[in-house]
Amino acid sequence: LQSQGEVCYQNDKVCLFHAWEGWAGLDQEDYLSVLEYLLWVFTPLAIVFIVPFLIVILLYLSILFLHVYKRKNQLKEAYCNNLWDGARKTLATLWDGHGAIWHGYEIHGMEKIPDEGPALIVYYHGAIPVDYYYFLANVIIQKGRTCHSVADHFLFKIPGFKLLLEVFSVIHGPQEECVRALKNGHLLAISPGGVREALFSDETYPLLWGKRKGFAQVAIDSQVPVIPMFTQNVREGFRSLGTLRIFRWVYERFRLPVAPVYGGFPVKFRTFLGDPIPYDPNVNATELAQKVQQAVQSLIDKHQQIPGSILRALLERFYTKHKDH
586 LQSQGEVCYQ
596 NDKVCLFHAW
606 EGWAGLDQED
616 YLSVLEYLLW
626 VFTPLAIVFI
636 VPFLIVILLY
646 LSILFLHVYK
656 RKNQLKEAYC
666 NNLWDGARKT
676 LATLWDGHGA
686 IWHGYEIHGM
696 EKIPDEGPAL
706 IVYYHGAIPV
716 DYYYFLANVI
726 IQKGRTCHSV
736 ADHFLFKIPG
746 FKLLLEVFSV
756 IHGPQEECVR
766 ALKNGHLLAI
776 SPGGVREALF
786 SDETYPLLWG
796 KRKGFAQVAI
806 DSQVPVIPMF
816 TQNVREGFRS
826 LGTLRIFRWV
836 YERFRLPVAP
846 VYGGFPVKFR
856 TFLGDPIPYD
866 PNVNATELAQ
876 KVQQAVQSLI
886 DKHQQIPGSI
896 LRALLERFYT
906 KHKDH
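Its first residue numbered 586, the sequence shown is counted upward by one per residue in my numbering.
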């Protein structure tokens with residue numbers, strides 16, 4: 586007993602381990618079997634929370650590429666107004682390839698995006714808007730245009746993101762700046778639901794726009810058409826634990842998007858663009874906002890089975906039939 590006490594005194598961790606082993610009635614082989622079982626149970630769970638970080642890693646790799654590209658082309662900058670065209674096209678090709686391989690990405694209605702001139706694109710926001718990245722890539726590849734984007738303020742506070750946001754014309758969304766971009770002839774995309782919709786919508790795909798109508802006022806002030814957009818199965822690719830009340834409370838109280846996101850499942854993604862809603866001088870911002878919301882909801886009703894199913898979305902990789910009625 587005395588020698589055992591001395592061992593415990595010298596190494597508390599070994600003592601606690603032996604005490605637990607004796608209490609549980611496990612020998613070393615049983616203990617290893619339990620560890621193997623726990624690894625078998627929890628490894629898939631860990632993976633679905635780790636995979637979303639791979640998207641962040643891909644974004645940082647994109648940023649690294651931009652920095653290398655910038656260093657390599659510093660002399661050209663003085664002579665070329667389109668320094669970043671090559672970088673945008675390269676990254677667009679890489680992201681389009683990622684979408685094709687991992688999600689079998691398709692886009693329907695690309696002809697509704699004008700080859701030139703402004704338009705406001707309004708879309709449903711997934712937990713991680715990787716579908717929107719694929720859309721941006723296709724606009725660059727198919728239309729030869731850069732679609733400007735409106736993003737939440739917190740995105741501009743992420744270390745290292747400044748160059749990426751500048752190169753791809755991402756703004757934080759004052760109405761004046763949005764109007765300026767459209768009046769200069771650019772495409773502009775915005776998700777009225779924003780971070781709230783990303784974190785707290787679910788597999789039933791509710792639109793969480795509240796009473797937001799600033800985007801509609803931007804369209805009216807710019808006198809541009811509005812194009813609704815929705816990606817099928819975007820909630821099955823990545824999901825959020827935002828249904829837990831504590832995360833909703835933290836966001837509403839402190840505006841901190843801390844709800845964990847999990848997934849990265851290789852489900853089928855199809856982006857659908859609806860018919861453009863033309864500018865009408867007789868429609869006010871409230872009416873236009875309702876009209877656009879109804880258009881996006883119509884795309885959801887037409888192309889998304891509710892509630893969404895991860896298994897069904899995975900199986901859709903192997904056949905082409907999709908909801909369309």
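Where is the CB? At the ideal position from N, CA and C, for every residue including glycine.
All figures in this text were calculated on a predicted structure; none of them were measured in a lab.
The shortest C-alpha to C-alpha distance from P866 to any of K798, G822, H693, V809 is the one to V809. Exclusion of the five residues before and after D700 leaves K728 as the residues of its chain whose Cβ lies within less than 7 Å of its Cβ. Within the model, the alpha-carbon separation for R656 versus T731 is close to 22 Å. The stretch 719-728 makes no contact with the stretch 884-900; the number of CB pairs closer than 8 Å stays below 3. Sorting G827, L896, D860, K747 by C-alpha distance to the C-alpha of V780 places G827 at the top.
Under the 10 Å beta carbon count, K747 is surrounded by fewer than 16 other beta carbons and is classified as exposed.
In the three-state scheme derived from DSSP, where H, G and I count as helix and E and B as strand, H683 is classed as helix.
Between the C-alpha atoms of A685 and L841 there is a straight-line separation of about 33 Å. Taking C-beta atoms as the reference points, F638 and Y847 fail to come closer than 7 Å. Looking at R824, A804, F815, F850, the one whose alpha-carbon comes closest to that of R765 is A804. When DSSP reads this structure, F823 sits in a beta bridge with G848. As a beta-bridge residue in DSSP terms, H733 pairs with L773.
Proximity of the stretch 818-827 to the stretch 778-793 meets the contact definition, three or more beta-carbon pairs being nearer than 8 Å.
Nearest to S807 by C-alpha distance, out of H771, H757, P714, is H771. The Cβ-Cβ distance between F823 and I713 falls below 7 Å. One thing to note: H733 has its Cβ no nearer than 7 Å to the Cβ of S776. For F903, there is no enclosing beta strand (DSSP E), as DSSP marks it with neither H nor E. At the C-beta level, K796 and N818 stay beyond 7 Å of one another. A880 is the residue among A880, P851, A874, R838 whose C-alpha sits nearest the C-alpha of P861.
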